[in-house]
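Numbering (this note's numbering), first residue to last: 3 to 118. C-beta atoms are modelled at their ideal positions from N, C-alpha and C, and glycine is treated no differently. Remember, it's a predicted structure, so these values are computed and weren't measured experimentally. The structure appears right after this line, and notes come after that.
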């Protein structure tokens with residue numbers, strides 16, 4: 003079994019955070035180090051360390067990440083101007099917490115995909 007992360011504690015509400023959304027499959031909350039005006043993390047409640055660990059059994063929860071992202075973007079008023087969804091995988095991909103998560107960023111122009 004994968005090693006528990008800080009996200010596991012947030013899901014169980016053992017660490018205080020303002021939950022923006024939670025159901026049986028996913029949880030969403032604001033990033034503590036925002037990189038944009040709106041920066042929300044959306045995570046599956048099941049601990050899946052990296053995208054490389056995703057299985058067919060995870061498809062419903064991962065699809066829910068997108069429908070929740072759509073809802074939260076609308077709630078934040080950023081749907082019309084646009085937003086970015088990012089998932090990182092492993093060290094070279096920039097993953098810092100080994101519990102897959104989707105970053106929802108927006109509320110301002112985000113610039114190019116990669117700064118080289």
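Subject >> Residue range of the beta strand (DSSP E) that includes residue 14 >> reply: In the chain shown, the residue the question calls residue 14 occupies position 12. Element bounds for residue 14: n/a, residue is neither H nor E.
Original post:
Three-state secondary structure (DSSP) at residue 72?
Top reply: Counting from 1 along the chain shown, the entry for residue 72 is found at position 70. Note: residue 72 maps to helix in three-state DSSP.
Original post:
Mind checking residue 108: buried by the 16 CB within 10 Å criterion, or exposed?
Top reply: The sequence position of residue 108 within the chain shown is 106, counting from 1. Label assigned to residue 108: buried.
Original post:
Are the stretch 62-82 and the stretch 11-18 touching, with three or more C-beta to C-beta distances below 8 Å?
Top reply: no
Original post:
Is residue 94 helix, strand or coil by DSSP?
Top reply: Mapped onto the chain shown, residue 94 falls at position 92. Residue state, collapsed to three classes: helix.
Original post:
Between 89, 80, 91, 55, which lies nearest to residue 111 when the distance is taken from Cα to Cα?
Top reply: Sequence index remark: in the chain shown, residue 111 carries index 109 (1-based). Minimum Cα distance to residue 111 is reached at 80.
Original post:
Based on the DSSP output, what are the partners of residue 28 in its beta bridges?
Top reply: In the chain shown, the residue the question calls residue 28 occupies position 26. The partner list for residue 28 (beta bridge, DSSP) reads 46.
Original post:
If you pair each beta-carbon of the stretch 82-97 with each one of the stretch 18-27, do three or more pairs fall below 8 Å?
Top reply: no
Subject >> DSSP state of residue 87 mapped onto helix, strand, coil >> reply: To locate residue 87, count along the chain shown from 1; it is residue 85. If DSSP states are grouped into helix, strand and coil, residue 87 belongs with the strands.
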